[in-house]
Structures are given as structure tokens and as C-alpha cells.
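To start, the structure under review is shown below, and the notes come after it.
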Amino acid sequence: MKKIQAIRGMNDLLPSDSPYWQYVESTLADILQCYGYQEIRFPILESTDLFKRSIGEVTDIVEKEMYTFDDRNGDSVTLRPEGTACCVRACEEHGLLYNQTQRLWYMGPMFRYERPQKGRYRQFHQCGVEAFGMTGPDIDAEILLLSARILRELGVEELVTLQLNSLGDTASRTAYKAALVTYLEARRDQLDPDSQRRLSTNPLRILDSKEPTTQALLDGAPVLLDYLDEESKTHFEQLKRLLDANGVQYQVNPRLVRGLDYYGKTAFEWVTDKLGAQSTVCAGGRYDSLVEQLGGKATPAVGFGIGLERLVLLLQAAECMPEGLEQQADIYIVAIGDVQTEALQLAERIRDELPYLRVISHCGGGSLKSQMKKADKSTADIALILGEDEVRTGKLAVKYLRQEQPQALLSQDEVLQLLQSLV
Ligand code: ATP
Ligand code: MG
Numbered sequence: 009m010k011k012i013q014a015i016r017g018m019n020d021l022l023p024s025d026s027p028y029w030q031y032v033e034s035t036l037a038d039i040l041q042c043y044g045y046q047e048i049r050f051p052i053l054e055s056t057d058l059f060k061r062s063i064g065e066v067t068d069i070v071e072k073e074m075y076t077f078d079d080r081n082g083d084s085v086t087l088r089p090e091g092t093a094c095c096v097r098a099c100e101e102h103g104l105l106y107n108q109t110q111r112l113w114y115m116g117p118m119f120r121y122e123r124p125q126k127g128r129y130r131q132f133h134q135c136g137v138e139a140f141g142m143t144g145p146d147i148d149a150e151i152l153l154l155s156a157r158i159l160r161e162l163g164v165e166e167l168v169t170l171q172l173n174s175l176g177d178t179a180s181r182t183a184y185k186a187a188l189v190t191y192l193e194a195r196r197d198q199l200d201p202d203s204q205r206r207l208s209t210n211p212l213r214i215l216d217s218k219e220p221t222t223q224a225l226l227d228g229a230p231v232l233l234d235y236l237d238e239e240s241k242t243h244f245e246q247l248k249r250l251l252d253a254n255g256v257q258y259q260v261n262p263r264l265v266r267g268l269d270y271y272g273k274t275a276f277e278w279v280t281d282k283l284g285a286q287s288t289v290c291a292g293g294r295y296d297s298l299v300e301q302l303g304g305k306a307t308p309a310v311g312f313g314i315g316l317e318r319l320v321l322l323l324q325a326a327e328c329m330p331e332g333l334e335q336q337a338d339i340y341i342v343a344i345g346d347v348q349t350e351a352l353q354l355a356e357r358i359r360d361e362l363p364y365l366r367v368i369s370h371c372g373g374g375s376l377k378s379q380m381k382k383a384d385k386s387t388a389d390i391a392l393i394l395g396e397d398e399v400r401t402g403k404l405a406v407k408y409l410r411q412e413q414p415q416a417l418l419s420q421d422e423v424l425q426l427l428q429s430l431v
């Protein structure tokens with residue numbers, strides 16, 4: 009019979025990968041906690057309208073990347089392609105944005121129907137960070153410092169650069185769009201087909217085009233930063249000053265736009281040249297209009313999303329995973345003969361008294377040789393060997409698996425003391 013396989017673009021995370029993921033996830037959680045951000049969790053499935061109304065009808069995500077289907081009741085639901093809209097929905101539903109500020113984060117799977125390749129999957133994972141109720145630019149600077157610290161702490165800061173732009177307010181963006189369209193309409197035949205289509209649907213996204221000819225054409229195009237309203241201009245200048253004063257380096261990229269419609273003013277991306285075509289590791293910006301757009305009271309907001317797969321790939325590219333991450337156990341208890349009770353009791357005693365040690369107690373019997381093989385494979389440093397003789401004399405054998413040291417025969421108390429002295 010043909011075996012059933014995973015769905016294309018959706019990855020299994022195997023035990024050999026999970027230490028890296030746990031390391032990344034716990035580093036993120038620790039840093040977020042140290043900035044006073046609180047975790048929020050929301051469902052993976054939401055009403056399709058939530059994403060249509062927030063991300064925008066003519067974005068890539070809504071046009072062609074969403075996993076949308078009718079549930080058994082005939083309601084259209086969508087696997088979340090990103091977290092910001094869900095976060096706003098949840099906050100509004102529970103009154104978290106009413107006359108207060110919020111600093112929030114979440115982590116979990118997102119779903120987009122894209123062409124799978126390195127760093128681009130159909131189920132991927134994001135850590136999202138959102139700050140509500142603050143007009144900035146100090147909060148913009150804070151979340152940029154936060155993102156910079158994450159990349160620094162993980163040891164990949166050398167591999168990334170921060171690109172920064174201001175998208176202005178709605179009116180300045182509209183004026184700019186008109187100028188851009190006029191410029192590009194006159195050169196329509198030189199545009200790639202995708203950009204030609206975007207000319208009428210989402211012209212700002214043309215700035216983002218990967219086509220070299222389109223990029224060359226854009227060299228002579230009007231520049232978004234020249235169209236900024238006074239408030240956005242001041243905001244941008246202040247943000248840059250705050251970053252300068254805190255030693256955050258950045259490049260202003262006037263062509264940086266986001267693929268989601270709700271962004272305005274600050275937009276940024278941490279990019280790398282280490283992941284091929286998938287250059288963006290972390291992306292975000294200000295979205296002051298989204299809460300209102302989703303039916304709430306106008307609330308300023310700023311946030312970003314980090315792609316965890318890309319972060320793990322970057323860590324691997326930088327070879328900067330901490331040593332010993334893949335170690336599964338410290339102690340392996342070998343149980344020979346009818347000593348199951350004593351072996352389990354010994355393991356429990358070690359866990360009681362030395363809870364930071366990882367103990368695997370051999371189950372399922374087998375010869376000394378086969379158990380020692382398993383002990384070796386477990387990556388444990390020490391095997392404690394328990395046989396019927398040892399049980400009778402109240403002693404057990406201590407064997408060092410990774411260093412040249414003679415085997416010792418010790419009482420349980422002595423073993424506990426020894427283990428304590430090793431850490
Ligand atoms: P891209 O331009 O690479 O498609 P995006 O602008 O669609 O990215 P965002 O919606 O801003 O990406 O998502 C934030 C981050 O989530 C990205 O910077 C990236 O690290 C990650 N990400 C987005 N889509 C995917 C995907 N399909 N697979 C893996 N990671 C992804
Ligand atoms: Mg995308």
C-alpha cells in the first residue's frame with residue numbers, strides 16, 4: 009500500500025532538529041520577557057474576512073496564498089497566514105486595547121500557499137511582537153532595539169542588516185502612488201507582466217519587484233521619501249536619531265514596502281544575503297490604522313514578525329549554535345537482570361535530588377553489551393550499571409562514557425555525591 013506522506017511545504021520537526029528550535033524559542037521568550045512583553049495565544053483558524061479586511065484584497069497573501077475553505081457549516085475560514093490581524097482581533101474581543109497600552113508577543117505556525125523552497129514553506133513559524141497604544145517614535149525604536157538584541161544574542165548580527173523606510177500617512181502614500189503610476193504608465197511596455205498587473209492593483213509593490221529590468225526602471229522613478237507628510241517626516245527623523253543614539257546601524261531604503269496593506273510610517277526589514285532568494289528574516293513596521301479598520305477605536309500600533317525557519321537556517325549558516333545542544337541525557341542507567349524496581353527507584357532518586365540532570369533509565373532488558381551501546385548513543389556522560397549482584401551488595405558500577413577514567417564501584421549515596429560534584 010502506498011504510504012501517506014506529509015503535505016508539500018509542511019515540514020516535520022525531528023528530534024534531532026528540536027534542540028535548535030528550543031534554543032531559538034527560549035532565547036526569544038527570555039528577551040521578550042526582559043523587555044516586559046507578555047505572551048498571547050490565539051487560534052490557528054480565523055474567519056476569512058479577518059484577513060481580507062486587514063491584509064488587503066489585492067495583496068499576494070489574500071490573492072493567492074491563503075488556505076481558505078468552508079467549514080461544515082458553510083462558513084469561510086482561513087488558516088492564519090500571519091499573526092497581527094489575529095492579535096488585533098483577540099485584543100479587541102477581550103477589551104485589551106481600551107485606554108491602555110499593550111506589549112505582546114506570540115509564536116506559532118502560519119500558513120501560506122507558496123512555492124516551497126529553502127526558507128519558504130507552506131507551514132512556517134513566526135514569532136510576532138506587537139505594541140499597542142503608543143504613537144512613537146520611542147516605541148518604534150524600542151522594538152527595533154528588541155529585534156537587534158534577538159539577532160545579537162543568537163550570534164547572527166554580522167549576517168544581517170537593518171533596512172528602514174517611512175511609508176508616510178495615507179494621503180502622502182496616495183499622492184506618491186499617483187506619481188509612481190504616472191511615471192510607470194509611460195514605460196508600461198518595459199515592465200515585467202507581474203508589475204504591469206500591479207500598476208492597477210497595488211502599485212507600491214512594484215518597488216519590491218525582483219526583476220532587474222524593473223528595478224533599473226525604478227532608478228528614475230519618484231521617491232516615496234520625497235512625498236512624506238510633515239508628521240511622518242518628523243517621526244522618521246526622530247526614530248533615526250533614537251537609533252543612532254543607541255548604536256543601531258541601518259540603511260534607509262526608500263523602496264522598502266511591506267506586502268500587507270495596513271502599514272504606514274515606519275517600515276523595516278532585517279535582511280541577509282545568506283539565504284538565497286529568501287533574504288528577509290524579520291519584517292515589520294507601524295500600523296496605526298489597522299485596529300480601526302477592524303472595527304475598533306483608532307489605536308496606534310507597531311510590530312514585527314520573525315521567521316523561525318529562516319532564523320534557524322541563519323544560525324546554521326553562521327555555525328553559531330551553542331555546543332552540546334544535541335546532548336539528550338547526562339546519565340544512562342543500565343539494568344541487567346531482575347532489577348527493574350531498583351533501576352527505576354534509582355532514576356527517581358537522582359531526579360528528586362539532582363533535577364537538573366537528565367536521566368534515561370533503560371527499559372526493555374537486553375544484554376550488557378546492547379545496553380551499553382544504547383547508553384553510548386544516548387550521548388550521556390556516565391552509565392550507572394545495576395545488576396543483581398550490585399543490588400545485593402548495595403553498590404553500583406559507574407562507567408565514564410566520554411573520558412578515560414577507571415570504572416568505580418560505589419554505594420548509591422556515594423554516586424549521588426559524585427554526580428553532584430560533577431555539575
Ligand atoms: P517574503 O518577501 O520573503 O515573501 P513576506 O514579506 O511575505 O516575506 P512577512 O509577511 O513580512 O513576509 O513575514 C515576516 C517573516 O516571516 C518573513 O520575514 C520571513 O522570515 C517569514 N516568512 C514569511 N513567509 C514565509 C514562508 N512562506 N516560509 C518561511 N518563512 C516565511
Ligand atoms: Mg511573501
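By the working numbering, the letter at position 162 of the sequence shown is numbered 170, and the numbering carries on one by one without gaps.
Every residue gets a Cβ at the ideal spot worked out from N, C-alpha and C, and that includes glycine.
For LEU225, which residues of its own chain have a beta-carbon under 8 Å away from its beta-carbon, when the five flanking residues on both sides are left out?
If you number the sequence shown from 1, residue 225 lands on position 217. Closer than 8 Å at the Cβ level, and outside the excluded window around LEU225, lie LEU192, ARG195, GLN198 and LEU199.
Could you check if GLU150 is buried or exposed, using at least 16 other CB atoms within 10 Å of its CB as the buried criterion?
The residue you call residue 150 lines up with position 142 of the sequence shown. Buried, since its Cβ has 16 or more Cβ neighbours within 10 Å.
Alpha carbons only, please: which of TYR258, LEU152 and SER375 is nearest the one belonging to ILE39?
Taking the sequence shown and counting its residues from 1, the one referred to as residue 39 is at position 31. Per the Cα distances, LEU152.
Ligand 2 and ASP38: does any heavy atom of the ligand fall closer than 7 Å to the residue's C-beta?
Position 30 of the sequence shown, counted from the start, is the residue given in the question as residue 38. No - ligand 2 has no heavy atom lying nearer than 7 Å to the Cβ of ASP38.
Select from CYS95, LEU172, TYR31 and LEU105 the residue whose C-alpha is nearest the C-alpha of VAL260.
Your numbering for residue 260 matches position 252 in the sequence shown. With distances taken between Cα atoms, VAL260 lies closest to LEU172.
Along the chain, where does the beta strand (DSSP E) containing GLU277 start, and where does it finish?
On the sequence shown, residue 277 is found 269 positions in, with the first residue counted as 1. Residues 272–280.
Which residues mark the beginning and the end of the alpha helix (DSSP H) in which LEU404 is found?
Looking up residue 404 in the sequence shown gives position 396. Segment 403–408 is the beta strand (DSSP E) holding LEU404; no alpha helix (DSSP H) there.
Whose CA, out of SER174, LEU268 and ASP237, lies closest to the CA of LEU247?
Your numbering for residue 247 matches position 239 in the sequence shown. Here the closest residue by C-alpha is SER174.
Do you know how far the Cα of GLU412 is from the Cα of GLY293?
Within the sequence shown, the letter at position 285 stands for residue 293. Within the sequence shown, the letter at position 404 stands for residue 412. Going by the C-alpha atoms only, they are around 56 Å apart.
Taking 8 Å as the cut-off, does the segment 394–408 touch the segment 338–355 (at least 3 CB pairs, one atom from each stretch)?
Segments in contact, yes.
Taking 8 Å as the cut-off, decide whether the C-beta atoms of ARG266 and ALA275 are in contact.
Numbered from its first residue, the sequence shown carries residue 266 at position 258. Numbered from its first residue, the sequence shown carries residue 275 at position 267. Contact flag set, yes.
State the DSSP-derived secondary structure class of ILE314, mapped to helix, strand or coil.
Taking the first residue of the sequence shown as 1, we reach residue 314 at position 306. Residue state, collapsed to three classes: strand.
Do the segment 129–142 and the segment 295–312 touch if we need at least three Cβ pairs shorter than 8 Å?
With the cut-off at 8 Å, the segment 129–142 and the segment 295–312 touch.
What residue range does the beta strand (DSSP E) around MET142 cover?
What you label residue 142 is simply residue 134 of the sequence shown in a count that begins at 1. Run containing MET142: none; DSSP gives neither H nor E here.
Rounded to whole angstroms, how far is the Cβ of GLY315 from the Cβ of GLN134, which I believe are closer than 8 Å?
Looking up residue 315 in the sequence shown gives position 307. Looking up residue 134 in the sequence shown gives position 126. Contact flag correct, Cβ pair sits at about 6 Å.
In or out: GLU238 buried (at least 16 other Cβ within 10 Å) or exposed?
Looking up residue 238 in the sequence shown gives position 230. Label assigned to GLU238: exposed.
Which of the three DSSP states, helix, strand or coil, is assigned to GLU122?
As a working note, residue 122 is residue 114 in the sequence shown. Looking at GLU122 - three-state DSSP - the assignment turns out to be coil, as it is neither helix nor strand.
Can you tell me whether TYR258 is helix, strand or coil according to DSSP?
Along the sequence shown, read from residue 1 onward, the residue named residue 258 stands at position 250. Coil.
Under 7 Å Cβ to Cβ from GLY345, same chain only, skipping five residues before and after it: list those, please.
Taking the sequence shown and counting its residues from 1, the one referred to as residue 345 is at position 337. Excluding residues within five positions, the ones whose Cβ falls inside 7 Å are GLY395 and GLU396.
Does the Cβ-Cβ distance between ARG120 and PRO145 come in under 8 Å?
Position 112 of the sequence shown, counted from the first residue, corresponds to residue 120. Position 137 of the sequence shown, counted from the first residue, corresponds to residue 145. Against a cut-off of 8 Å, the Cβ pair of PRO145 and ARG120 comes out as no contact.
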